[in-house]
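Structure record follows, encoded as structure tokens.
Numbering (my numbering), first residue to last: 168 to 241.
Here it is in structure tokens:
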């Protein structure tokens with residue numbers, strides 16, 4: 168299944184740990200880990216916090232095109 172976000176890819180490109188992104192965003196590292204791995208769909212405010220911490224738009228971090236996502240696999 169295609170990941171619902173690019174958080175891990177972006178973190179790796181920027182050499183950021185989960186804890187570092189957590190500090191920057193104010194979102195717990197456990198929450199970020201769950202979101203990265205598709206185990207949790209974040210609230211809008213969480214998407215905004217993570218995107219702002221990465222200095223990117225929400226659309227650059229999260230895949231919001233739900234028509235192409237197979238919901239049977241969630």
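Glycine included, each C-beta is placed from N, C-alpha and C at the ideal position.
In this text the structure is predicted, and so the values were computed from the model without any measurement.
Contacts around residue 191, its chain only, beta-carbon distance under 6 Å, and the 5 residues preceding and following it disregarded: Within the chain shown, the letter at position 24 stands for residue 191. If we look at residue 191 and ignore the five residues flanking it on each side, its Cβ neighbours are 220.
Buried versus exposed, by CB contacts within 10 Å (16 or more), residue 199: What you label residue 199 is simply residue 32 of the chain shown in a count that begins at 1. Answer is buried; the Cβ neighbour count reaches 16.
Three-state class that DSSP yields for residue 172 in the structure shown: Within the chain shown, residue 172 is the residue found at index 5, counting from 1. Strand, per DSSP.
First and last residue of the uninterrupted alpha helix (DSSP H) at residue 225: Position 58 of the chain shown, counting from 1, holds the residue named residue 225. That run of the alpha helix (DSSP H) goes 225 to 228.
Beta-carbon proximity check, residue 171 vs residue 178, cutoff 9 Å: Locating residue 171 in the chain shown gives position 4, counting from the first residue. Locating residue 178 in the chain shown gives position 11, counting from the first residue. No, the Cβ-Cβ distance between residue 171 and residue 178 is not below 9 Å.
Cβ shell of residue 228 (< 8 Å), same chain only, five flanking positions each side left out: On the chain shown, position 61 is the one that residue 228 refers to. Shown here for residue 228: same chain residues with a beta carbon closer than 8 Å to its own, the five before and five after excluded, namely 172, 173, 174, 177, 214, 217, 218 and 221 in chain order.
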